[in-house]
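There are 2 protein chains.
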Amino acid sequence: MATAAQTRRAALRETLIEIAERHITQNGLSSLRARDLAKEAGCALGAIYNAVGDLNELTLEVNARTFKRLGAYVTQHTPSDIAPIDRIVAMAWAYHHFAAENHNAWRALFDIERAPDEAAPAWYLTEMQGLFALIHGPLSELNPDQSPEELALLTRALFSGVHGIVLLSLDQASAGLPPEETDRMLDLILRRLS
Amino acid sequence: MATAAQTRRAALRETLIEIAERHITQNGLSSLRARDLAKEAGCALGAIYNAVGDLNELTLEVNARTFKRLGAYVTQHTPSDIAPIDRIVAMAWAYHHFAAENHNAWRALFDIERAPDEAAPAWYLTEMQGLFALIHGPLSELNPDQSPEELALLTRALFSGVHGIVLLSLDQASAGLPPEETDRMLDLILRRLS
DNA sequence: GCCCTAAATTGAACCGCGTTCAATGAGAGG
DNA sequence: CCTCTCATTGAACGCGGTTCAATTTAGGGC
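These protein sequences, in sequence, are chains A and B.
To convert, note that position 117 of the first sequence is 117 in this note's numbering; the numbers rise steadily by one, no gaps.
To convert, note that position 8 of the second sequence is 8 in this note's numbering; the numbers rise steadily by one, no gaps.
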């Protein structure tokens, strides 16, 4: 067991992830620079590539954390003792607020570049399923007689739609559009689906 | 009048835009390289910066064209003699098909990086208004007694929602999800809004 | 036609950045 | 104490956008 070395390697990896997370959260994905990372972590430039494959992998690691936080946030802000439609609206609002409060980290979830062929990592799909499952509950209560297949499609459509509304709202957030308007938009459109 | 020089300058600018458009369309925004551009246009590297400000401006120019094509495409594929709800679905499908058939160019519309403070260019807002106007028509027919303000919000929400559905569908297009499913999703969700 | 000036054109050089790699160092096992 | 393996180092590479001093080109006045 070369344990000591492997432990330090893992520790550096952890340090790098934390620094990367701070950078992404504070200044966005494009502010992630290998030389800054090395300086802040107190290691040499090349050491990064021993602890972590490359910067993209580092971003992936940060994204995994962000995704988990997102899931927890939405769950936490969705009361279980209210009507299905209210739960759906609450989830959409939670998604919106998380995105607004964690704008840079949230954007990094989607701004990361994937090679056109390779699939998304497993944890990404898992977390996504989790979010879908959250929506699926109240949605099936609202539509007891819908086929499972259509329900799956509807779930996906609902998530994507909310995502689009939040995305375009935050994109031009500086150009007017107060957050309350976005919440109203979400409320307005979601309640029409019941 | 230093006309001759200015004419050639404008010609080079036009050439560059066309080459850039071809590159973006065929291989995506990230394949736009100044040195390739110079080689293909038959000019020196530095000459590019006399004809256009920088590569970002070039992308903006290509995006303007893409946006116009998008508007024309949606208009063309939206029959005016059908029910309002059918018009809305037709527009969404047209948006989806244009995005699918012009994936790289369409992505470049949103992938371009803007400084966080500066607003979107005027033509962008104008074209956007045009798309919104297209939606507003049938939507107000469907909701004659809605307040103008809520109608505006609904219009925006509808566009953003469709955009989100198309965006996430195309993102993982390689990972399954046939285009017909996306069309069904759009149909399913839009018809619930009537 | 001839010069003069202002503009365009050129491409080498600059800079920033991700990534690599030969050289060096350090730690575990014998 | 030696050795072998693995981590660490930071200079160097490759790439790509942008700049700029030098050069060429072209219009306008005589």
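Note that CB positions come from ideal geometry on N, CA and C, so glycine has one too.
Computed from a predicted model, the values in this text were never measured in an experiment.
Proximal chain A residues relative to residue i, where beta-carbon distance stays under 8 angstroms
i: residue 181(B); result: 153
i: residue 192(B); result: 192, 193
i: residue 101(B); result: The premise fails here: residue 101(B) is roughly 16 angstroms from chain A at the closest Cβ pair, so nothing lies under 8 angstroms.
i: residue 14(B); result: Simply none; closest approach about 30 angstroms.
Classification of residue i by the beta-carbon crowding that lies within 10 angstroms, buried from 16 upward
i: residue 63(A); result: buried
i: residue 147(B); result: exposed
i: residue 105(A); result: buried
i: residue 44(B); result: exposed
i: residue 164(B); result: buried
i: residue 33(A); result: exposed
i: residue 139(B); result: buried
i: residue 160(B); result: buried
i: residue 82(B); result: exposed
i: residue 126(B); result: exposed
Where residue i meets chain B, residues with beta-carbon distance less than 7 angstroms
i: residue 163(A); result: 164, 168
i: residue 141(A); result: Those do not exist, as residue 141(A) stays about 16 angstroms from chain B at its closest Cβ, beyond 7 angstroms.
Contact set for residue i: own chain, Cβ-Cβ below 8 angstroms, skip 5 residues either direction
i: residue 9(B); result: 50, 51
i: residue 78(B); result: 87, 90, 91, 94, 134
Contacts of residue i in chain A (Cβ-Cβ under 7 angstroms)
i: residue 185(B); result: 153, 156, 157
i: residue 88(B); result: None at all; the shortest Cβ gap to chain A is about 13 angstroms.
Nearest-angstrom Cα separation, counted from residue j out to residue i
i: residue 54(B); j: residue 30(A); result: 19 angstroms
i: residue 24(A); j: residue 40(A); result: 14 angstroms
i: residue 38(A); j: residue 48(A); result: 7 angstroms
i: residue 166(B); j: residue 99(B); result: 8 angstroms
i: residue 154(A); j: residue 28(B); result: 31 angstroms
i: residue 111(B); j: residue 71(B); result: 19 angstroms
i: residue 113(B); j: residue 128(A); result: 27 angstroms
i: residue 76(A); j: residue 150(B); result: 30 angstroms
i: residue 177(B); j: residue 119(A); result: 13 angstroms
i: residue 194(B); j: residue 136(A); result: 22 angstroms
i: residue 84(A); j: residue 141(A); result: 7 angstroms
i: residue 7(B); j: residue 14(B); result: 10 angstroms
i: residue 157(A); j: residue 60(B); result: 30 angstroms
i: residue 130(A); j: residue 182(B); result: 21 angstroms
i: residue 35(B); j: residue 16(B); result: 12 angstroms
Amino acids of chain B, ordered along the chain, whose beta-carbon sits closer than 8 angstroms to that of residue i
i: residue 189(A); result: 154, 157, 158, 161, 193
6 angstroms Cβ shell around residue i - same chain, five flanking residues per side excluded
i: residue 1(B); result: Bear in mind that a pLDDT of 44 at residue 1(B), under 50, signals an unreliable position, so the number given afterwards is only what the model happens to contain. Within the same chain, residue 1(B) has no close Cβ partners at all.
i: residue 21(B); result: 62
Listed by chain order, chain B residues near residue i by CB distance under 9 angstroms
i: residue 150(A); result: 184, 188
Cutoff 7 angstroms; reference residue i; Cβ partners in own chain excluding five residues on either side
i: residue 162(B); result: 92, 95, 186
i: residue 143(A); result: 151
i: residue 19(B); result: 37, 40, 41
Q: Please list the residues of the stretch 53–70 of chain A that have a C-beta atom closer than 8 angstroms to any C-beta atom in chain B, keeping them in chain order.
A: none
Q.
Which residues of the stretch 16–48 of chain B have a Cβ closer than 7 angstroms to any Cβ of chain A? Give them in chain order.
A. none
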